[in-house]
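Report on one structure; see the data block that follows.
Residue numbers (the working numbering): -17 to 246.
Here you go:
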């Protein structure tokens, strides 16, 4: 590695130049490749700062409402660090890799959650199916229910509830899993290609147009979720609205710097 302070070569495994003592990280400021220049242009755009602020709001509102979004908090921290580095003309592939890691973690967690929901659907259907076939167990379980609603047929009702709940869980879990496998996987591949482009000095990005379309889809879903819950839980709806705004801004940035710029 060549020191940008004195120009002498030194072992790249070291954190400083053995001749003048300058830190090795100073080489990051040079941004010797077009990919780094493009990433710096994104970071210095005012909309990237808006993403950092909105993500901070999402985390704060989520904590206030009683949840602890660990992945979102880590993502927000790394976005702020990336922004701070960018203001110093440093395209840090290390912190961009951390952002990519947070996106991948969200992808994995959503996959696991979707599979759990599907399994719960099968378990609900199975348990209520067993319940309706065991007379003693069913009678003890529905004793209070039967006294409250003597005009209903408890066995048939519980069987129907079991199938409906089980099917609903399976369908919801399957839809979430499919969208995550198709959409979030592409989003992660794109984010990964961004930090790799900086590290490898090769401005090649994975499916930015497809990522733009998937982000629009997820943004619309977040906006609908925010509007549907605004009357019941204002803080949660606000957090969801901020998430939708983050996605919309990300779409604008991708379109401006990775689609239009590449088409020119």
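Just so you know, even glycine gets a beta-carbon here, dropped at the ideal spot from N, CA and C.
Worksheet item: When we look at the beta-carbon of residue 26 and count the other beta-carbons within 10 Å, is it buried (16 or more) or exposed?
Response: exposed
Discussion item. When you compare the CB positions of residue 180 and residue 187, do they come within less than 8 Å of one another, or not?
Written reply: no
Item to complete: Verify whether the separation of the beta carbon atoms of residue 152 and residue 104 is less than 8 Å.
Response: yes
Discussion item. Going by DSSP, what residue range makes up the alpha helix (DSSP H) through residue 239?
Written reply: No alpha helix (DSSP H) holds residue 239; DSSP gives it neither H nor E.
Discussion item. Does residue 29 pass the burial test, meaning 16 or more other C-beta atoms within 10 Å, or should it be called exposed?
Written reply: exposed
Worksheet item: Three-state secondary structure (DSSP) at residue 213?
Response: coil
Practice prompt. Mind checking which residues open and close the alpha helix (DSSP H) that includes residue 171?
Written response: 167 to 182
Worksheet entry | Best match in 225, 196, 184, 185 for proximity to residue 204 [C-alpha to C-alpha] | 225
Worksheet entry | residue 253 vs residue 33 beta-carbon contact at 8 Å | Lying outside -17 to 246, the shown extent of the chain, residue 253 is not represented and no answer is given.
Discussion item. If you reduce the DSSP assignment to three classes, tell me which class residue 48 lands in.
Written reply: coil
Discussion item. Count Cβ pairs between the region 41 to 49 and the region 208 to 227 that sit closer than 8 Å; are there 3 or more?
Written reply: yes
Fill in: Closest by C-alpha distance to residue 155, when choosing among 189, 95, 178, 167
95
Item to complete: Tell me whether residue 98 is buried or exposed, calling it buried when 16 or more other Cβ atoms sit within 10 Å of its Cβ.
Response: exposed
Worksheet entry | Cβ-Cβ distance between residue 172 and residue 193 below 8 Å | yes
Worksheet entry | Spatial neighbours of residue 61 in its chain, beta-carbon cut-off 7 Å, leaving aside the 5 residues before and after | 33, 34, 37, 81
Fill in: Cβ pair residue 22, residue 75 closer than 8 Å
no
Practice prompt. Return the CA-CA distance between residue 59 and residue 110, expressed in angstroms with no decimal places.
Written response: 45 Å
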